[in-house]
Every structure is written in structure tokens, then in C-alpha cells.
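Chains as they are written, first to last, in the working numbering: chain A, 1 to 170; chain B, 171 to 270. We put the CB at the ideal spot given by N, CA and C, even for glycine. In this text the structure is predicted, and so the values were computed from the model without any measurement.
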Amino acid sequence: MELLIFYPLAGLCIIFALGVIINNSPVNSAMSLIGMMLGLAGIFVLQQAHFIAILQIIIYAGAIMVLFMFVIMLLNLKGKGEDEQWQSRDKNMLLNVLAGLLVTGVLYKIIDTINSGDFTSPALPPDTFGTVREVGTILFTEFVLPFEVASILLLVAMIGAVVLAKSKVD
Amino acid sequence: MVPLTHYLFLSATLFVIGVAGVLVKRNAIVVFMSIEIMLNAVNISLIAFDRYLNLHDGQIFSFMVMCVAAAEVSVGLAIIISLFRNKPTTNLDDFNIMKS
């Protein structure tokens with residue numbers, strides 16, 4: 001039963017993720033990315049991570065993608081000069097072949113590791129697993145220091161964005 | 171119940187798509203989107219292992235990953251805007267001012 005929900009969601013995620021890198025226009029890429037985020041939120045719900053699923057929708061599909069759209073509209077990008085972007089950058093054939101072989105080897109190793117792992121007997125989590133109450137309790141007791149450090153990180157990012165994007169007022 | 175392997179394969183596929191985007195695309199904003207795809211792919215495997223092991227650590231960690239992604243996007247887009255002010259393009263191949 002869960003597989004019936006999982007396969008369409010996973011297919012949707014992969015199709016939208018491919019759409020991000022296949023589309024030539026940045027606006028279409030951003031729309032594809034929103035679709036992928038929503039599909040991932042569905043997958044998180046399927047794994048009983050309700051809190052993370054809601055955060056995925058609020059933070060990614062809401063805040064981050066609005067920021068992306070805002071910058072795309074601000075810079076007025078219309079996909080100009082993007083016609084040749086699938087052309088390879090480096091003309092060195094030997095280097096390209098070596099890089100391709102390396103990536104193939106790494107992928108083979110990943111698939112081999114996943115396939116040979118012993119993932120047979122998962123302990124079934126309780127019904128309250130992954131609710132806001134459960135995750136919040138752990139976040140504010142066991143992981144309170146990383147939580148505070150994350151708030152400092154966000155503050156630094158905010159100040160950094162303001163300083164970087166500010167026009168020069170020398 | 172979906173086996174853990176399925177989630178890991180989904181995660182690996184999305185990560186590879188993100189890497190391909192970073193390597194192939196030339197628009198700086200789309201490269202940032204590809205980095206977001208990679209971060210999300212990692213989140214999938216964190217949450218899959220977290221449910222498999224019946225712990226909450228993976229969810230906390232993916233929460234931190236989201237914080238880092240938000241910080242990275244805000245600073246990165248500010249950098250793109252200030253680069254755009256110097257040179258009106260987002261094509262990454264045009265930015266070689268640090269080269270010599």
C-alpha cells in the first residue's frame with residue numbers, strides 16, 4: 001500500500017528534478033524545483049516525519065523559492081545566451097573520459113553498497129514518531145546547543161546578505 | 171512498508187541529478203538550485219535512516235541542513251546580485267576576475 005504512494009511521488013520528484021536542469025529558462029527551473037520540494041514533502045510524510053514535511057513546505061517551497069523567484073525577476077533573466085549551455089566546457093577529451101569513468105565507478109560503488117546492505121528488519125516506530133511534540137522536545141533538551149548555534153548562523157547570514165547586496169556608499 | 175533501499179536509491183538519483191546540474195549548467199541561479207537538489211537528496215537519506223533506526227537524530231540533523239540551506243541561499247543570491255551589478259550577466263563562464 002505504501003509502495004503505491006511511494007512510486008508516483010518518487011517518479012514525480014525525479015521528473016521535476018530533471019526539469020530543473022533541462023529547462024533553459026530560470027523561471028521554469030524554479031517552478032520545477034517547487035514541484036520537487038512538494039513531492040519530497042510527501043515522501044517525508046510517508047516516513048512519519050510530519051514536522052520536517054511541514055518545514056519543507058514552509059521553508060523551501062515558501063521562503064527559499066520566493067527568494068529565487070524574486071532574484072530572477074529582479075535581474076530580469078530571460079534565458080538570453082543560454083543556447084549553448086549543454087555544450088561541454090572543456091575540450092580536453094582525455095580528461096572528459098577520465099572524469100566520466102571516475103563518476104561511473106563511484107556510482108557503481110554506491111549502488112553496490114546499497115544493494116549489499118542488510119536492511120531487512122526495521123523496527124516499527126510508534127505512532128507519535130516525528131510529530132512536532134516529539135521532535136520539539138528533543139530539539140530543546142538534547143540538541144539545544146546546535147539549535148542556538150543555528151540561530152547565530154541565520155543571523156550572520158542575514159547580516160551578510162544585507163552587507164553584500166547593499167550598493168556601495170563610499 | 172517501503173524498504174530502506176528504495177529511499178536510498180531515490181536519494182542517490184536526486185543527488186546525481188544535482189551534481190549533473192552543477193557541472194553542466196552555466197547560469198549561476200540554476201547552479202544554486204542544483205545545490206538545493208543535492209541538499210534535499212541528503213535530507214531524504216537522513217530521514218530514511220532516522221525512521222529505520224527509530225531515532226530522532228536524523229530529523230534534527232535535516233532541520234540543521236535546512237538552516238544551512240537557507241543561510242547559503244540568502245548569502246549566495248546576495249553575491250549574485252552584487253556580481254550582476256559589476257557585470258550584467260549570470261553566466262558563470264564570464265566571471266573570471268579572480269583568474270590571475
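Boundaries of the alpha helix (DSSP H) harbouring P26(A): 26-46, taken from the DSSP string. Using beta-carbon distances, A30(A) counts as an interface residue toward chain B, with a partner under 8 Å. If you ignore the 5 residues before and after E134(A), its C-beta comes within less than 6 Å of the C-beta of T128, all in its own chain and listed in chain order. Here Q56(A) has M37, L40, A41, F44 as same chain residues with Cβ atoms under 8 Å from its own Cβ, once five neighbours each way along the sequence are excluded. For a Cβ distance threshold of 8 Å, residue set M171, V172 of chain B lies close to E2(A), ordered along the chain.
Selection I59(A), A53(A), I34(A) evaluated against T131(A) yields A53(A) as nearest (Cα-Cα). Counting the other CB atoms within 10 Å of its CB gives I159(A) a total below 16, which places it among the exposed residues. At a cut-off of 8 Å between beta carbons, A41(A) makes no contact with chain B. Within chain A, the residues placing a beta-carbon under 8 Å from that of I249(B) are L164, ordered along the chain. Where R133(A) is concerned, the enclosing alpha helix (DSSP H) starts and stops at 132-141.
Taking a C-beta cut-off of 8 Å against chain A, the contacting residues of the segment 195-219 of chain B are K195, R196, N197, I199, V200, F202, M203, S204, E206, I207, N210, N213, I214, I217, A218, listed in chain order. A straight line joining the alpha-carbon of Y177(B) with that of I214(B) spans about 7 Å. When 9 Å is used as the limit between beta carbons, F265(B) is near no residue of chain A, the shortest such separation being about 14 Å. DSSP places T175(B) in the uninterrupted alpha helix (DSSP H) bounded by 174-194.
Secondary structure note for N76(A): it is in no alpha helix (DSSP H), with a DSSP letter that is neither H nor E. Residue-level contact check: V97(A) does not touch chain B, since none of the beta carbons of chain B fall below 8 Å from its beta carbon.
Out of M268(B), L247(B), I267(B), K269(B), the CA that lies nearest to the CA of N197(B) is found in L247(B).
Judged by DSSP secondary structure, T128(A) falls outside any alpha helix (DSSP H); it is assigned neither H nor E. Around the beta-carbon of L124(A), fewer than 16 other beta-carbon atoms lie within 10 Å, marking it exposed. Within a 10 Å sphere around the beta-carbon of P8(A) sit fewer than 16 other beta-carbons, which makes this residue exposed. Distance from the CA of C237(B) to the CA of A49(A), rounded to the nearest whole angstrom, comes to 17 Å.
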